[in-house]
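Numbering (my numbering), first residue to last: 48 to 225. Idealized CB from N, CA, C, for every residue including glycine. From a predicted model like this one, the values you see are computed outputs, not experimental measurements. Note sheet for the following structure.
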């Protein structure tokens, strides 16, 4: 975790009460996690650390954008993101992060590294289905979208005399004959 030294928060010297830490997350941060789904990133993270006598409360908030490829057209675009994460840090005999909302660290610890929590919060802020805004409003025109429209299922075709295919009629009868 040496590469995330700037994300280490030394809480021992802090007075009780709320303290704010700000981070700017860029593509280099995700490269360190070997996460390559984002072409670029510009996310601001605000961390409020509320130090109490027997525990710490961490509230993370992120806001910004990540450049991702559209799932339909593969065109890159900036996806706006916003997210929040709340974490309680308690002190115990040994390190335990099994619960996603409570982190237990040994009594002798004097700092906490928040890089993993920032990473998870940002990744979970991005929608699982990423669709370019131009696809939604119809302004994006690419070869891939034209092919998708070409292969889109058409309405049931009628014969020249206006009747449907008799094979389909026989199958539809099976649904109504019970």
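Taking its Cβ as the centre, do 16 or more other Cβ atoms sit within 10 Å of residue i, making it buried, or is it exposed?
i, result
"residue 48", "Note that residue 48 has pLDDT 48, beneath the 50 cutoff, so the model's placement of it is unreliable and the number below is only indicative. Residue 48 should be labelled exposed."
"residue 150", "buried"
"residue 171", "exposed"
"residue 182", "buried"
Output needed for residue i: all residues of its chain with C-beta closer than 7 Å, excluding positions within five of it in sequence on either side, in chain order.
i, result
"residue 77", "85, 88"
With distances taken Cα to Cα, identify the nearest neighbour of residue i among the options.
i, options, result
"residue 126", "180, 154, 75", "180"
"residue 121", "216, 178, 53, 91", "178"
"residue 64", "100, 223, 176, 129", "100"
"residue 152", "167, 60, 198, 136", "136"
"residue 194", "54, 58, 119, 218", "119"
Short of 8 Å in beta carbon distance, which residues of its chain neighbour residue i, apart from the five on each side in sequence? Order them along the chain.
i, result
"residue 74", "85, 86, 87, 88"
"residue 69", "91, 92, 93, 94"
"residue 50", "79"
With a Cβ-Cβ cutoff of 8 Å, do residue i and residue j count as a contact?
i, j, result
"residue 72", "residue 169", "yes"
"residue 138", "residue 154", "yes"
"residue 98", "residue 133", "no"
Using a Cβ-Cβ cutoff of less than 6 Å, which residues in the same chain neighbour residue i once the five nearest sequence positions on both sides are dropped?
i, result
"residue 116", "123"
### Task
Mind the definition here: the region 81-91 touches the region 136-148 only if three or more C-beta pairs lie below 8 Å; say whether that holds.
Touching, no, given that fewer than three Cβ pairs across the two stretches are closer than 8 Å.
### Task
Evaluate contact between the region 133-143 and the region 108-117, counting only Cβ atoms and requiring at least three cross-stretch pairs below 8 Å.
Look at the beta carbons and you see the region 133-143 not touching the region 108-117: under three pairs across the two are nearer than 8 Å.
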